[in-house]
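The structure under discussion appears below in the form of structure tokens.
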Amino acid sequence: MKTFQPLARAHQVVIFRLRTGHCRLLAHLYRMKISHTDDCETGTQTPEHVLQTCPSFAALRSELWPVMVDLKEKLWRPVESLWQTADFLASITLTV
Ligand SMILES: [Zn+2]
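Residue numbers (our numbering): 23 to 118.
What follows is the structure, encoded as structure tokens:
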């Protein structure tokens, strides 16, 4: 039987922010008029951009997810996917 280990509180917070889009990524900061741009130079910096397509994190992304995983799985379930997403976020230079 697989042990179910819940996410650490800090990881829950980050995942929740990305689910709602209320995070520190440029797309949201720009909407809030806190940033002058929503662009990370390769696209609009949304949770989907960072998790799925931003070239800046391509190497780490393919290391953690050798097979393409959709955004829904990365942010919702199963819980193993959420751990991976939390690892990814902890390893990149962005604060979300
Ligand atoms: Zn980008």
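Here a beta-carbon is modelled for each residue, glycine too, at the ideal position from N, C-alpha and C.
Between L51 and the rest of its own chain, which residues show a CB-CB distance below 7 Å, the 5 nearest in sequence each way excluded?
Here residue 51 refers to the residue found at position 29 of the sequence shown. So the qualifying residues of the chain are S57.
Note down the Cα distance separating P77 from R41, rounded to an integer number of angstroms.
Reading the sequence shown from its first residue, position 55 is the one you call residue 77. Reading the sequence shown from its first residue, position 19 is the one you call residue 41. The alpha-carbon atoms of P77 and R41 are separated by roughly 21 Å.
Enumerate, from N- to C-terminal direction, the unbroken alpha helix (DSSP H) stretches of 4 or more residues contained entirely within the region 63-105.
Counting whole runs of 4 or more residues, the region 63-105 contains the alpha helix (DSSP H) stretches 80-86, 93-97.
Buried or exposed: E70, going by 16 or more other Cβ atoms within 10 Å of its Cβ?
As a first step, residue 70 is located in the sequence shown; it is residue number 48 there, counting from the start. Buried, since its Cβ has 16 or more Cβ neighbours within 10 Å.
So what does DSSP say about D61, is it helix, strand or coil?
Counting from one through the sequence shown, the residue named residue 61 turns up at place 39. Three-state DSSP puts D61 in a strand.
Alpha carbon to alpha carbon, what distance is there between V72 and D79?
For this step, residue 79 is matched to residue 57 along the sequence shown. For this step, residue 72 is matched to residue 50 along the sequence shown. One detail in the question is off: residue 79 reads as Phe in this sequence, not Asp. Their Cα atoms are separated by approximately 7 Å.
Looking at C-alpha atoms only, which residue of L82, R39, L29 is the closest neighbour of V115?
Here the question's residue 115 lines up with position 93 in the sequence shown. Contrary to the premise, residue 115 reads as Thr rather than Val in this sequence. Per the Cα distances, L82.
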